[in-house]
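Heads up, the thing below is written out as structure tokens.
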Amino acid sequence: MAVIIMLTTMMVTNVTAETYVKVTVQGETVDFPDAKPFIDANNRTLVPIRFISEALGAQVSWNGDLQQATIAYDNKVIELVINKKEISIDGQTQVMDTQAILKDSRTYVPVRFVSEAMGANVEWDSDNYIVSITLEPEPADLKGMTNEEIIQQLKEYPYVENSFTNRIENNEWMVNRYGKDKLKEFVQIGKSYMETFYNVDYRIYNKADYIEKLKWFFLESSSWVADDRILRDNEDHINYWADMITEKQISIHTEFITDETCIYTNGYTMIRGRMNYIIESCNDMQWLKKYTRYGDVELGKNYTCVVDVQIITKAKKPDEKWETAERLLSDEHLITPLKEVK
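Quick note on numbering: the sequence shown equals residues 1 to 342 in full-length UniProt numbering.
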């Protein structure tokens with residue numbers, strides 16, 4: 001894949017180590033809540049590794065003993081060590097012209113090298129100090145793959161870390177803790193949710209029935225933040241989506257491939273699966289792209305991605321009327337970028 005990098009000789013004059021820049025990924029501004037990108041003394045743009053990597057659909061882990069950050073992206077493993085100019089990409093070492101650093105308890109890395117390692121196109125607007133990053137992932141080739149092969153492939157991706165618990169327990173631990181039958185029940189919750197929420201056709205769906213089905217996965221007294229970053233009570237969240245299916249004429253069909261061997265925990269119960277889907281109809285794709293990460297696609301084409309569905313136990317209040325599953329939806333984590341299927 002051709003990579004266009006325009007940051008090699010960033011024509012920046014009279015800047016300091018605290019000159020801040022704006023970063024966009026796929027046209028969307030990346031939010032850096034407590035650590036901002038800046039231009040270092042070598043005129044290189046450094047960005048907080050976690051925020052930029054997650055914006056690109058990658059997972060980041062940190063080894064404090066080695067002072068090493070690891071990025072897992074689409075079967076690639078990228079490793080950087082603090083205060084070192086070397087970057088390892090799938091075991092092959094390259095030398096950068098600046099180094100990863102620790103600043104205000106955050107790991108900063110050169111945006112050009114990290115983006116290049118993930119196959120991105122990067123453009124630099126020197127007048128406005130804007131870094132624009134775009135990804136054009138190659139189509140995924142799933143032809144001939146059996147579900148068993150897909151399940152095996154899912155296990156090759158690293159687990160999602162939980163910064164609050166700093167805990168990871170694998171599937172074997174989950175089996176010993178709960179037993180295979182209980183894990184099958186947990187898997188069914190995640191699979192049913194994905195194949196209910198993202199399986200609907202505005203032309204034939206019954207709104208009332210659809211809403212009742214979705215309530216099974218959500219606690220009445222809790223809330224949800226969609227990708228539009230708006231906090232809604234769960235009832236409002238469900239009703240809003242149900243209304244938009246009709247208003248935006250949405251037709252989407254989804255298959256979520258997983259099984260009980262794909263469960264692990266990081267403090268939450270995580271159900272990993274491959275989401276294969278197609279959006280056949282929507283009269284407002286800009287709205288859909290903003291509302292859900294899965295909307296950033298073209299109509300009528302098949303797409304795939306790996307997703308971790310996060311479910312948790314929540315205490316039900318005595319006055320709540322909904323009947324719910326044993327464990328309820330808490331979040332969705334995109335493990336790989338969206339890819340068109342060949």
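Cβ atoms here follow ideal geometry from the backbone N, Cα and C, with glycine treated the same way.
Short Cβ contact (8 Å threshold) for residue i with residue j
{"i": "C262", "j": "K103", "result": "no"}
{"i": "T292", "j": "D227", "result": "yes"}
{"i": "E323", "j": "W241", "result": "no"}
{"i": "V114", "j": "I78", "result": "yes"}
{"i": "P33", "j": "V21", "result": "no"}
{"i": "K342", "j": "L328", "result": "no"}
{"i": "I245", "j": "Y202", "result": "yes"}
{"i": "Y303", "j": "N170", "result": "no"}
{"i": "I211", "j": "T269", "result": "no"}
{"i": "N266", "j": "E161", "result": "yes"}
{"i": "T45", "j": "V175", "result": "no"}
{"i": "I252", "j": "V200", "result": "yes"}
{"i": "A69", "j": "I52", "result": "no"}
{"i": "V225", "j": "I271", "result": "no"}
{"i": "Y198", "j": "T254", "result": "yes"}
{"i": "A41", "j": "R106", "result": "no"}
Integer-rounded CB distance, given that residue j should sit under 8 Å from residue i
{"i": "T98", "j": "K85", "result": "7 Å"}
{"i": "Y108", "j": "A100", "result": "7 Å"}
{"i": "I250", "j": "G273", "result": "Contact doesn't hold; Cβ gap of about 22 Å is too wide."}
{"i": "T196", "j": "K184", "result": "The pair is not a contact, with the Cβ atoms about 18 Å apart (cut-off 8 Å)."}
{"i": "K316", "j": "N283", "result": "Wrong, their Cβ atoms sit about 38 Å apart, outside the cutoff."}
{"i": "Y294", "j": "L338", "result": "7 Å"}
{"i": "K289", "j": "E340", "result": "So it is not a contact: roughly 15 Å between Cβ atoms."}
{"i": "Y159", "j": "I168", "result": "5 Å"}
{"i": "E260", "j": "K180", "result": "6 Å"}
Cα-Cα separation, residue i to residue j
{"i": "M10", "j": "S88", "result": "At M10, the pLDDT of 37 sits below 50, so the modelled position is not reliable; the number obtained from the coordinates is stated separately. Roughly 23 Å separates the two Cα atoms."}
{"i": "I4", "j": "W124", "result": "In this predicted model, I4 has a pLDDT of only 32, less than 50, meaning its place in the structure is not dependable; the value taken from the coordinates is given anyway. Cα to Cα, the separation comes out at about 11 Å."}
{"i": "T146", "j": "R177", "result": "29 Å"}
{"i": "M275", "j": "D296", "result": "14 Å"}
{"i": "L56", "j": "V25", "result": "7 Å"}
{"i": "T336", "j": "V306", "result": "5 Å"}
{"i": "residue 364", "j": "V81", "result": "The question about residue 364 has no answer here: the residues shown for the chain are numbered 1 through 342."}
{"i": "E326", "j": "F218", "result": "10 Å"}
{"i": "D90", "j": "V60", "result": "15 Å"}
{"i": "P318", "j": "D233", "result": "18 Å"}
{"i": "D331", "j": "I71", "result": "21 Å"}
{"i": "Y277", "j": "E298", "result": "11 Å"}
{"i": "E220", "j": "A208", "result": "16 Å"}
{"i": "Q28", "j": "S223", "result": "Reading off the sequence shown, one finds Glu at residue 28, where the question assumed Gln. Approximately 25 Å, taken between the alpha carbons."}
{"i": "V111", "j": "K143", "result": "34 Å"}
{"i": "N121", "j": "L334", "result": "21 Å"}
{"i": "Y73", "j": "V23", "result": "19 Å"}
{"i": "D65", "j": "E148", "result": "37 Å"}
{"i": "D127", "j": "I39", "result": "14 Å"}
{"i": "T165", "j": "K76", "result": "26 Å"}
{"i": "D236", "j": "Y157", "result": "34 Å"}
{"i": "M285", "j": "D243", "result": "16 Å"}
{"i": "I189", "j": "Y129", "result": "46 Å"}
{"i": "residue 345", "j": "S281", "result": "Look at the range of the chain in this structure, 1 to 342, and you will see that residue 345 is not part of it."}
{"i": "Q67", "j": "R229", "result": "33 Å"}
{"i": "A58", "j": "G119", "result": "12 Å"}
{"i": "I279", "j": "E54", "result": "24 Å"}
{"i": "W287", "j": "N83", "result": "43 Å"}
{"i": "V47", "j": "Q153", "result": "31 Å"}
{"i": "N63", "j": "N43", "result": "28 Å"}
{"i": "N206", "j": "K182", "result": "31 Å"}
Per DSSP, the bridge partner or partners of residue i
{"i": "T134", "result": "N121"}
{"i": "L46", "result": "F38 and P110"}
{"i": "A69", "result": "W62 and L80"}
{"i": "H333", "result": "D308"}
{"i": "H237", "result": "Paired residues: none, contrary to the question."}
{"i": "I89", "result": "I78 and Q92"}
{"i": "L231", "result": "V225"}
{"i": "residue 343", "result": "With the chain represented from 1 up to 342, any question about residue 343 goes unanswered, as that position is not in the structure."}
{"i": "K103", "result": "R106"}
Beta carbon proximity, residue i to chain C, threshold 8 Å
{"i": "S61", "result": "Chain labels in this structure do not include chain C; a single protein chain is all it has."}
So within the segment 151 to 213, which uninterrupted alpha helix (DSSP H) runs reach at least 4 residues, ignoring any that extend past its ends? 171 to 178 and 180 to 197
Kindly provide the ranges of any alpha helix (DSSP H) runs that are 4 or more residues long and lie completely inside the segment 257 to 310, ordered along the chain. 285 to 291
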